[in-house]
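J.: Using our numbering, the first residue of the first sequence is number 58, and each one after it goes up by one.
No residue lacks a Cβ here, since even glycine has one placed at the ideal position from N, Cα and C.
Quick one: this structure, given as structure tokens, is what I'll be asking you about.
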Amino acid sequence: MPSFKEKVLEVVKKIPKGKVLSYKEVAKKAGNEKAFRAVGSILNKNLDPNIPCHRVIRSDGKVGGYNRGIKLKLQLLKQEGVKVKK
DNA sequence: CGTATGACGTGCA
DNA sequence: GTGCACGCCATAC
Numbered sequence: 058m059p060s061f062k063e064k065v066l067e068v069v070k071k072i073p074k075g076k077v078l079s080y081k082e083v084a085k086k087a088g089n090e091k092a093f094r095a096v097g098s099i100l101n102k103n104l105d106p107n108i109p110c111h112r113v114i115r116s117d118g119k120v121g122g123y124n125r126g127i128k129l130k131l132q133l134l135k136q137e138g139v140k141v142k143k
């Protein structure tokens with residue numbers, strides 16, 4: 058019985074290249090759309106090289122943040138062809 | 001077990 | 001259109 062945290066990590070891990078999901082979408086896929094708040098906290102505390110957490114952005118279209126450096130996240134997204142607002 | 005924290009989201013001024 | 005404040009859930013201590 059994977060915890061919500063594990064579920065979120067798994068969902069993010071399954072995000073295809075060049076695709077980005079909002080925290081809300083990830084939370085929904087994890088089983089609780091209202092837990093988008095926890096999703097961010099979890100990803101921030103659990104940094105994993107196997108998890109493309111840089112593909113998770115805010116619903117506003119903003120990148121939000123990145124534990125490895127927001128700059129790197131922007132660069133990675135741009136590299137995959139994903140444009141970010143603001 | 002209870003408190004504090006956080007990569008968010010939405011609403012209102 | 002921008003900025004501020006509140007509410008939300010899960011995790012960590």
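Does the beta-carbon of Ile127 have 16 or more other beta-carbons within 10 angstroms, so that it is buried, or is it exposed?
T.: The residue in question, Ile127, is exposed, as its Cβ has fewer than 16 Cβ neighbours within 10 Å.
J.: Does the stretch 89-106 come close enough to the stretch 134-142 that 3 or more CB-CB pairs lie under 8 Å?
T.: Not touching, per the Cβ criterion.
J.: Going straight from the alpha carbon of Val139 to that of Ile72, what length do you get?
T.: Distance between the alpha carbons of Val139 and Ile72: 13 Å.
J.: Distance, Cα to Cα, Val120 vs Pro59?
T.: Their backbone Cα atoms lie some 27 Å apart in a straight line.
J.: Comparing C-alpha positions only, which one of Leu104, Glu63, Tyr123 sits nearest to Asn89?
T.: Of Leu104, Glu63, Tyr123, the residue nearest in Cα terms is Glu63.
J.: For Ala92, report the span of its alpha helix (DSSP H) as first-last.
T.: From DSSP, Ala92 is part of no alpha helix (DSSP H); its letter is neither H nor E.
J.: Roughly how many angstroms separate the alpha carbons of Lys70 and Arg115, rounded to a whole number?
T.: Cα-Cα distance, rounded: 17 Å.
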